[in-house]
Amino acid sequence: MTVQKIMVIGAGQMGAGIAQVCAQAGYQVLLYDQDALAVKSGLTSIEKRLERAVAKERMTEADKDKTHNLLQRANDIQEAEQVDIVIEAVIENMNVKQEIFKQLDSIVPAHTILATNTSSLPITEIAAVTKRPEKVIGMHFMNPVPVMKLVEIIRALQTDDETYQTIADVTKQLNKTSVEVNDFPGFVANRVLMPMINEAIYTVYEGIATPEDVDTVMKLGMNHPMGPLTLADFIGLDTCLYIMEVLHEGFGDSKYRPCPLLRQYVQAGWYGKKSGRGFYTYE
C-alpha cells in the first residue's frame with residue numbers, strides 16, 4: 041500500500057513529535073486535537089525544534105521549510121477521510137481510545153490503517169470496536185519521538201500481514217528501527233522497564249538507599265545513561281503507576297504490584313518533573 045497522507049490525533053508531546061518525524065520523512069501530515077490550543081502549542085513546539093536543528097546544523101533551512109510545508113492543522117476529525125494512516129496519541133484511557141476508533145472507522149476510507157501509540161493498553165480490545173480490526177495496529181514511539189530511534193509495532197490478534205508490513209515500511213521511512221511485538225500487557229519496553237523502576241522505588245521505600253544512591257548504582261554500575269528514579273520523574277510517576285496497574289491487572293501476578301510509595305507520591309500530586317516534585321525537586 042502506498043502511503044502519502046497521515047493524520048496524527050493528539051497534539052501533546054508525543055503527538056507533536058510523531059507529526060514532526062512524519063513530515064520530516066516526506067509525508068503530508070494533518071495534526072488534530074479537539075483542543076485547538078493544544079494544536080497551536082504542538083505546532084509551535086515543532087517549529088522551535090526545527091529551528092534548533094537548523095542552528096545546530098543538523099538540518100538545512102530548505103529541509104526545515106519543506107517539513108513546515110508538509111504539516112497542516114486539521115480543524116475537524118472529519119478530515120481523516122483523506123488519509124492513508126491515522127496515528128492516535130491521546131490520553132491512556134481505553135474508553136477514550138475506543139470512542140475515537142469507533143468514530144474514525146466510520147470516517148476513513150476502506151484502505152486506511154488505524155494505529156495507536158498506546159504504551160500499555162491492549163490493541164486487540166481497541167481493534168474489536170471497529171469493523172476493520174485487521175487494519176488496527178500499535179505504533180509505540182519512544183519519548184522524545186524526534187530523538188529516540190525505536191518503535192514497537194504491536195500486532196493485535198486480528199492484525200493482518202499487509203497492515204503490519206505497511207507500518208514497518210513507514211517506520212523505516214521515518215528513520216526509526218522497529219521491533220515486532222505481540223499484544224500482551226506492557227508489550228516489551230514497559231514490561232521490562234516499569235518493574236525495574238518499581239523495584240528501584242521499593243529500595244527507597246524499604247530504606248535500603250536514597251534516590252541519589254540508587255540512581256548512581258544503576259548509572260555507574262550498570263552503565264545506564266539515566267538512573268531509574270530520575271527516569272521515573274521524567275516519564276511521570278502517575279504514568280508509571282498506571283502502567284504498573286495495567287501489568288498487575290493484566291497478568292494477575294504479585295510481582296507487578298505497584299510499590300506503596302509510588303502510589304503515595306501520586307496521591308500527593310508528586311508526579312515528577314511535570315509537577316515540580318517527584319523523587320527529586322525541579323524548578
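For the record, in the sequence shown the residue sitting at position 138 is 178 according to the working numbering, with numbers rising by one throughout. C-beta atoms are modelled at their ideal positions from N, C-alpha and C, and glycine is treated no differently.
Mind checking whether residue i and residue j have CB atoms under 8 Å apart?
i, j, result
"V219", "I125", "no"
"V69", "A78", "no"
"I207", "A240", "no"
"E165", "M134", "yes"
"V123", "T152", "yes"
"Q138", "I117", "no"
"A129", "M54", "yes"
Bridge partners for residue i per DSSP, in chain order?
i, result
"I177", "A155, R195"
"R113", "L71"
"N238", "In the DSSP output, where bridge partners are listed per residue, N238 has none listed."
"T321", "R317"
Give the secondary structure of residue i by DSSP, where H, G and I count as helix, E and B as strand, and everything else as coil.
i, result
"L302", "helix"
"S315", "helix"
"E202", "helix"
"V187", "coil"
"E165", "helix"
"S218", "strand"
"V228", "coil"
"V210", "helix"
"V182", "For clarity, residue 182 is Met in the given sequence; the question names Val instead. Note: M182 maps to coil in three-state DSSP."
"K96", "coil"
"T170", "coil"
"R89", "helix"
"A76", "helix"
"G82", "helix"
"T243", "helix"
"T107", "helix"
"A308", "coil"
"P268", "helix"
"S294", "helix"
"M41", "coil"
"A120", "helix"
"D223", "coil"
"L150", "Per the sequence shown, residue 150 should be read as Ala rather than Leu. Correct three-state label for A150: coil."
Assuming residue i is part of the beta strand (DSSP E), what are its boundary residues?
i, result
"M47", "45–49"
"E128", "125–128"
On the DSSP letters alone, give me the boundaries of the alpha helix (DSSP H) that residue i sits inside.
i, result
"Y282", "277–291"
"N135", "134–145"
"Q334", "Given a span of 41 to 323 for the chain in the structure shown, any question on residue 334 remains unanswerable."
"V254", "251–256"
Taking one C-beta from the stretch 218–235 and one from the stretch 168–187 each time, how about it: are there three or more such pairs within less than 8 Å?
Output reads yes: the stretch 168–187 touches the stretch 218–235.
Pair every Cβ in the stretch 255–272 with every Cβ in the stretch 283–299, then say whether three or more of these pairs are closer than 8 Å.
In the pairwise beta carbon analysis, the stretch 255–272 is classified as not touching the stretch 283–299: fewer than three pairs are separated by under 8 Å.
Indicate whether the contact test is met: 3 or more Cβ pairs, each with one atom in the stretch 52–63 and one in the stretch 94–112, closer than 8 Å.
The answer is yes - the stretch 94–112 touches the stretch 52–63, with three or more Cβ pairs under 8 Å.
Using 8 Å as the threshold, is the stretch 86–99 in touch with the stretch 230–248, meaning 3 or more CB pairs across them?
The stretch 86–99 is not in contact with the stretch 230–248.
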